[in-house]
Amino acid sequence: MRLAAVPVTSLAKVMFPNSGGPTMSRSKIVILTGAGISAESGVATFRDPDGVWAKFSLEDVATPEGFARDPAKVQDFYNMRRRQMDSVAPNAAHAALARLEREVQGDVLLVTQNIDDLHERAGSRKLIHMHGELGRALCQDCGASSAWAGDITVQSECPACGAKGKLRPDVVWFGEMPYRMEEIGEALTRCDLFLAIGTSGSVYPAAGFVEEARAAGALTIELNLKCAGSASRFDEQMEGPATQIVPAFVERILSGTG
């Protein structure tokens, strides 16, 4: 269900300031994605009643304190989630955003709160994982971040320094600073169009991105399964499953129909 149609004139001014199609666009687009875009691929979400946190305590598996108390429990949790990635695949929403990056001759930056690799597997290249990645391990001795495909155990060695038993998932836990915030902030101050897709927008600093984009004069649009409660923060909203509304919205941008 669409809550508000995006006016043709609004999108046209942003996407096609000089002529009639995406090949002439010089627009700067920042896209923020959250758990909602991966949910239809079968990736468990944090806040759903039957999601990840229905079985695990946030304090136990997503904080530095929880890792200090019981590192084995935390490793088991993320090992389980890493193995889950073998059984899921990118969906139509991931593919649509990769297509947008390929076909619009503007500057598209995708910022995701998700720690899965579905955007990459769909073909997105200019991507920031602000909360880290399941497919990487962080050494607590040397600080190196390394690609990691299997389980992390107490016997695992850091590929960079060789330290044993010092690896943790390279994900941002509650109380830690998200990655590449300066780069994200700079992009927001320059963007013409800001899209928030599949995110509740309730946790800072990501919750403040829309205000930063609005302050820069950007058109701000939310695409979400449910947009209730955030209408005043966005210029326009579209409501529905990501696999339906994201491809349709991207098609409108690329076709120049607004």
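No gaps in the numbering here: position 242 of the sequence shown is 241 in numbering that gives the first Met the number 0, and each next residue is one more. The beta carbon of each residue, even a glycine, is placed where N, CA and C say it ideally should be.
### Query
Three or more C-beta pairs closer than 8 angstroms, one from the segment 130-142 and one from the segment 170-187: is that the case here?
yes
### Task
Express the C-alpha separation of Ala91 and Ser37 in angstroms, rounding to a whole number.
On the sequence shown, position 38 is the one that residue 37 refers to. On the sequence shown, position 92 is the one that residue 91 refers to. About 10 angstroms.
#### Entry: Boundaries (first-last residue) of the alpha helix (DSSP H) holding Phe76
Indexing the sequence shown from 1 puts residue 76 at position 77. For Phe76, the enclosing alpha helix (DSSP H) stretches over residues 70-83.
### Query
For the putative contact between Lys27 and Gly105, defined by C-beta atoms under 8 angstroms, what is the C-beta separation to the nearest angstrom?
Residue numbering aside, residue 27 sits at position 28 when the sequence shown is read from its first letter. Residue numbering aside, residue 105 sits at position 106 when the sequence shown is read from its first letter. Rounded, the Cβ-Cβ distance is 6 angstroms, consistent with contact.
### Query
Mind checking Thr22: buried by the 16 CB within 10 Å criterion, or exposed?
As a first step, residue 22 must be located in the sequence shown, where it is residue number 23. Unreliable positioning characterises Thr22 in this predicted model, as indicated by a pLDDT of 41, which lies under 50. A coordinate reading is not provided.
### Query
If you drop the 5 nearest sequence neighbours on each side, which residues of the same chain put their C-beta closer than 7 angstroms to that of Arg124?
Residue numbering aside, residue 124 sits at position 125 when the sequence shown is read from its first letter. Contacts found: Glu100.
### Task
Determine the burial state of Met237: buried for a count of at least 16 other Cβ atoms within 10 Å of its Cβ, exposed for fewer.
Working through the sequence shown from its first residue, we reach residue 237 at position 238. Buried, since its Cβ has 16 or more Cβ neighbours within 10 Å.
### Task
Would you tell me roughly how many angstroms separate the C-alpha atoms of Gln243 and Arg98, rounded to the nearest one?
If you number the sequence shown from 1, residue 243 lands on position 244. If you number the sequence shown from 1, residue 98 lands on position 99. Taking the straight line joining both Cα atoms gives about 15 angstroms.
#### Entry: Per-residue burial, Arg82 [other beta carbons within 10 Å of its own, 16 or more giving buried]
On the sequence shown, residue 82 is found 83 positions in, with the first residue counted as 1. Classification for Arg82: exposed.
### Message
Val29 and Phe233 - do their beta-carbons sit closer together than 9 angstroms?
### Response
In the sequence shown, the residue the question calls residue 233 occupies position 234. In the sequence shown, the residue the question calls residue 29 occupies position 30. It is not a contact, given that the beta carbons lie outside the stated cut-off.
#### Entry: Limits of the alpha helix (DSSP H) - the one that Ser254 falls within
Here residue 254 refers to the residue found at position 255 when the sequence shown is read from its first residue. 241-254 is the extent of the alpha helix (DSSP H) around Ser254.
#### Entry: Distance, Ile220 Cα to Phe208 Cα
Position 209 of the sequence shown, counted from the first residue, corresponds to residue 208. Position 221 of the sequence shown, counted from the first residue, corresponds to residue 220. Taking the straight line joining both Cα atoms gives about 12 angstroms.
### Cβ shell of Val153 (< 6 angstroms), same chain only, five flanking positions each side left out
Position 154 of the sequence shown, counting from 1, holds the residue named residue 153. Hits under 6 angstroms: Gly164.
### Message
Among Lys72, Ala67, Val110, whose alpha-carbon lies nearest the alpha-carbon of Asp55?
### Response
Residue 55 sits at position 56 when you count from the first residue of the sequence shown. The amino acid at residue 55 is misidentified as Asp; the sequence shows Phe. In terms of Cα proximity to Phe55, the closest of Lys72, Ala67, Val110 is Lys72.
### Query
Hey, would you say Gly184 sits closer than 9 angstroms to Glu210, going by beta carbons?
In the sequence shown, residue 184 corresponds to position 185, counting from 1. In the sequence shown, residue 210 corresponds to position 211, counting from 1. Cβ atoms of Gly184 and Glu210: not closer than 9 angstroms.
### Task
With a 10 Å radius around its C-beta and 16 neighbouring C-beta atoms as the bar for buried, classify Arg135 as buried or exposed.
Translated into the one-based positions of the sequence shown, residue 135 becomes position 136. Buried, by the Cβ-count rule.
#### Entry: DSSP-derived helix/strand/coil call for Met237
For the purposes of this step, residue 237 is identified with residue 238 of the sequence shown, where counting begins at 1. Reduced to three states, the DSSP call for Met237 is strand.
### Task
Can you give me the Cβ contacts of Asp140 inside the same chain, cut-off strictly under 8 angstroms, excluding the 5 residues immediately before and after it?
The residue you call residue 140 lines up with position 141 of the sequence shown. Here the set comprises Cys157, Cys160, Ala162, Lys165.
### Message
Judging by CA-CA distance, which residue of Thr188, Ala195, Pro204 is the nearest neighbour of Pro177?
### Response
Counting from 1 along the sequence shown, the entry for residue 177 is found at position 178. Measuring from the Cα of Pro177, the nearest candidate turns out to be Pro204.
### Query
In its own chain, which residues sit with a C-beta less than 6 angstroms from the C-beta of Gly33, not counting the 5 before and 5 after it?
Here residue 33 corresponds to residue number 34 of the sequence shown, with the count starting at 1. Correct list, in chain order: Gln112, Gly197, Thr198.
### Query
Whose C-alpha, out of Pro70, Val42, Thr62, is nearest the C-alpha of Ser260?
Absent from the structure is residue 260, since the part of the chain shown begins at 0 and ends at 257.
### Task
Quick one: give me the first and last residue of the alpha helix (DSSP H) that Ile183 is part of.
Along the sequence shown, one-based indexing puts residue 183 at 184. Element bounds for Ile183: 180-189.
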